[in-house]
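Under our numbering, the first residue of the sequence shown is numbered 7, with each subsequent residue one higher. This report concerns only the one structure given below.
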Amino acid sequence: MTVADLTIDPSCRAALHARSLADPDGFWLEQAQRLDWITAPTKAGDWSFAESDFHVRWFDDGVLNVSANCIDRHLATRGDQVALIWEADDPAEEPRRYTYAALHEEVCRFANVLKSRGVAKGDRVTIYMPMIPEAAFALLACARIGAVHSVVFGGFSADALAGRMEDCGSSIVITADEGRRGGKAVPLKACVDEAARIFTGIETVVVVRATGTAVAMQEGRDVWYDAVAATVSAQCDPEPMAAEDPLFILYTSGSTGKPKGVVHTTAGYLLWAALTHATVFDYRAPEVYWCAADVGWVTGHSYIVYGPLANGATTLMYEGVPNWPTASRIWEIVDRHQVATLYTAPTALRALMKEGDGYVTATSRASLRVLGSVGEPINPEAWRWYHDVVGEGRCPVMDTWWQTETGGHMITPTPGLPLKPGSATLPFFGIAPQLLDADGKTLEGAAEGNLVIAASWPGQMRGVWGDEQRHFETYFRTFPGVYTTGDGARRDADGYYWITGRVDDVINVSGHRMGTAEVESALVLHDAVAEAAVVGMPHDVKGQGIYAYVTVNADVEADAALAKTLRDWVRHEIGPIATPDAIQFAPGLPKTRSGKIMRRILRKIAEGDVSSLGDTSTLADPDVVTDLVRNRVC
Ligand code: WTA
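Here you go:
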């Protein structure tokens with residue numbers, strides 16, 4: 007029995023999972039044959055989560071190139087097949103299509119442009135792009151020459167961009183004149199200019215002409231991509247990379263401090279992205295597959311670019327937003343391109359569900375075969391709507407639980423597995439989840455606790471850029487010997503997992519991770535603010551919203567105008583996704599006598615659950631709570 011049998015006989019899944027854990031070396035060396043190696047590996051996993059000997063390596067003696075795996079190896083068999091379809095923000099604009107042969111040419115040229123600017127193996131290249139094909143070309147071009155890409159979501163601020171570039175020592179950024187989303191322009195180049203004033207180490211800016219708008223170009227630093235591309239060759243040999251050479255850095259929010267640069271390496275990551283994409287979506291080339299995420303998030307990395315292209319898929323990339331110009335847009339795109347697999351986030355589904363079924367039923371959707379969900383827990387109501395209305399009951403919903411750190415799907419259904427609305431179901435091959443209580447005791451059978459993973463898997467992150475210790479401290483300190491996910495979960499009597507959400511100070515806004523500490527730091531940077539505490543609150547569409555408690559400085563008027571100013575401030579400091587949904591001015595915050603803010607109480611108040619505030623007797627000043635409850639906003 008092999009993984010290929012799974013699509014024919016779903017009952018293989020349990021046996022394959024058992025084998026992947028009992029014989030990881032045999033299982034993973036067999037799976038590794040999915041990739042095209044320059045030197046095939048002779049070993050699979052080599053890892054230890056113990057503090058004294060902490061290391062994670064996979065396929066260590068293998069040599070390969072990711073871009074060759076995603077492009078070159080398909081040329082002989084499917085050079086004329088469409089690799090990438092691009093759907094513009096404006097539905098009136100003609101979609102663009104690139105065959106594998108065309109993709110090869112584009113990526114080679116892009117790689118040569120980078121080389122011509124002095125980029126070499128191991129250099130960090132920042133990508134700050136709209137959702138245009140050149141974003142995918144840029145990722146693959148870096149992979150081709152062994153440069154490490156660091157994609158910064160185009161919705162992040164100049165400050166956030168500068169901070170991430172400085173953190174990984176990146177002196178080059180690829181951007182576009184402007185992006186477009188929902189009919190509005192996103193001034194990316196202007197943001198890069200601002201970032202370059204903050205981080206003076208930016209030496210090269212490669213600007214892709216996307217909308218054609220006029221932008222300022224700084225002589226010696228800024229170059230138009232098309233001008234350089236016209237001067238370079240369309241041939242570029244892929245660089246042989248060791249399995250454990252870094253492929254990319256992706257910054258993600260944690261519960262403390264600045265965002266961490268999560269590092270993924272070459273072979274294990276690619277295998278994980280490819281295997282999960284092939285099996286979870288039961289991908290059958292040349293069907294059209296569409297992941298509606300942004301390439302700025304890990305979902306875009308693994309499931310728009312690397313996984314699908316490694317599998318020789320036709321992957322669709324969409325520039326715009328789900329509800330523009332109308333709430334039918336997603337379904338119109340499905341029909342226009344005969345999409346077989348749609349992979350999106352619950353927040354988009356909830357927003358579209360609110361508009362009524364008419365926008366969906368006005369379209370055919372007959373091409374759909376598999377549906378996917380990612381980024382946050384999907385509530386059973388949204389799940390049913392997705393399954394019954396969008397998929398007309400014929401398409402299984404793959405509720406995929408995973409994280410930036412995990413590289414790809416971890417707990418997920420595969421087609422054919424009996425589904426339960428709201429459950430991510432069972433662990434994928436090689437994944438050994440456990441539930442632990444607060445003391446670290448393993449819970450058996452049906453239980454609820456901290457979700458941890460007991461064994462390494464190929465797609466596991468390999469480090470935090472520039473901070474080895476932070477990697478260990480963040481994921482392996484609280485519960486020794488296992489990887490701590492930061493999520494809570496419940497396991498039912500059938501062994502199915504139900505993710506209950508973050509157990510740390512990370513909030514999940516519209517499927518995007520936001521650290522409460524980041525929003526707090528942004529708020530206290532404002533002159534009017536003395537202190538701030540940020541927690542999550544329930545939100546109908548976003549899943550969670552951002553609720554900020556703010557104590558202003560003496561002599562500052564805490565009024566509606568200031569609340570608006572602070573909202574705009576955070577937007578500018580971090581980006582629109584960090585904008586607080588509610589700001590409550592508070593003369594004081596609930597603190598223990600040792601000065602620690604009691605977030606548990608702040609969370610309850612934000613949730614409107616004020617009848618069960620628990621023990622407040624340890625507070626330095628219990629009256630603070632009475633005031634907070636009285637002045638709750640929303
Ligand atoms: C949450 C996104 C429930 C979870 C791929 C996790 C989910 C965080 C699901 C990672 C799901 C993601 N069900 N919760 N299917 N998928 N999450 O790093 O809290 O942006 O820890 O990766 O999103 O977010 P990240």
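From the three backbone atoms N, C-alpha and C, an ideal C-beta is built for every residue, glycine too. Fair warning: this is a prediction, and the values are worked out from it, not measured in the lab.
With hydrogens ignored, establish whether the beta-carbon of residue i is closer than 7 Å to any heavy atom of ligand 1.
| i | result |
| --- | --- |
| PRO383 | yes |
| ILE437 | no |
| ASP405 | yes |
| ASN514 | yes |
| SER156 | no |
| GLN409 | yes |
| ALA279 | no |
| THR305 | yes |
| ILE505 | yes |
| GLY160 | no |
| ARG468 | no |
| ALA1 | This structure does not reach residue 1, given that the chain is present from 7 up to 640, and the question cannot be answered. |
| THR258 | yes |
In angstroms with no decimal places, state the Cα-to-Cα distance between residue i and residue j.
| i | j | result |
| --- | --- | --- |
| GLY397 | TRP337 | 11 Å |
| GLN475 | ASP15 | 44 Å |
| ALA284 | LEU595 | 50 Å |
| ARG375 | GLU293 | 10 Å |
| SER617 | LEU608 | 13 Å |
| ALA94 | TYR365 | 20 Å |
| ARG186 | LEU531 | 30 Å |
| VAL234 | THR181 | 14 Å |
| TRP463 | LEU35 | 13 Å |
| ARG40 | SER516 | 34 Å |
| ASP511 | SER122 | 44 Å |
| ILE583 | ALA10 | 40 Å |
| ALA20 | PRO252 | 33 Å |
| VAL562 | ALA534 | 6 Å |
| ARG342 | GLY399 | 21 Å |
| GLY614 | THR522 | 19 Å |
| ARG227 | ASP574 | 31 Å |
| ALA126 | ALA153 | 6 Å |
Can you have a look at residue i and say buried or exposed, based on whether 16 or more other CB atoms are within 10 angstroms of its CB?
| i | result |
| --- | --- |
| LYS610 | buried |
| HIS61 | exposed |
| CYS640 | exposed |
| GLY260 | buried |
| ARG115 | buried |
| ILE44 | exposed |
| SER17 | exposed |
| PRO139 | buried |
| MET7 | exposed |
| SER379 | buried |
| GLY32 | exposed |
| ALA216 | buried |
| GLN344 | exposed |
| ARG483 | exposed |
| GLU524 | buried |
Who pairs with residue i in a beta bridge, going by DSSP?
| i | result |
| --- | --- |
| GLN590 | TYR555 |
| PRO433 | ILE417 |
| THR682 | No answer is possible for residue 682: it lies beyond the span of the chain, which begins at 7 and ends at 640. |
| TYR324 | GLU93 |
| ILE607 | Bridge partners of ILE607: none, in fact. |
| CYS297 | TYR349 |
| MET247 | LEU70 |
| VAL198 | Answer by DSSP bridge pairing: none, since VAL198 is not bridged. |
| GLN440 | VAL458 |
| PHE60 | None, per the DSSP bridge assignment. |
| ILE208 | Paired residues: none, contrary to the question. |
Going by Cα to Cα distance, which pick from the options is closest to residue i?
| i | options | result |
| --- | --- | --- |
| GLU450 | ASP78, ASP498, LEU35 | ASP498 |
| ASP78 | GLU245, ALA220, ASP199, VAL213 | GLU245 |
| THR418 | ALA612, ARG170, SER429, ARG335 | SER429 |
| GLY170 | THR624, ASP627, PRO383, ILE580 | The sequence given here places Arg at residue 170; Gly does not occur at that position. Out of THR624, ASP627, PRO383, ILE580, ILE580 has the C-alpha closest to the C-alpha of ARG170. |
| VAL88 | ALA107, ALA82, ALA74, LEU70 | ALA107 |
| ARG150 | VAL119, ALA298, THR624, SER163 | VAL119 |
| ALA249 | VAL238, LEU276, LEU256 | LEU276 |
| MET467 | ILE178, GLU209, LYS266 | LYS266 |
| TYR503 | VAL556, CYS76, PHE434 | PHE434 |
| GLY274 | ALA316, TRP296, TYR295 | ALA316 |
| ASN71 | LEU145, ASP443, MET416, LEU441 | LEU145 |
| LEU348 | TYR324, ALA368, THR367, TRP64 | TYR324 |
| THR305 | TRP407, THR105, ILE208, GLY218 | TRP407 |
Would the beta-carbon of residue i be found less than 7 Å away from any heavy atom of ligand 3?
| i | result |
| --- | --- |
| ARG102 | Ligand 3 is absent from the structure shown, which contains only ligand 1. |
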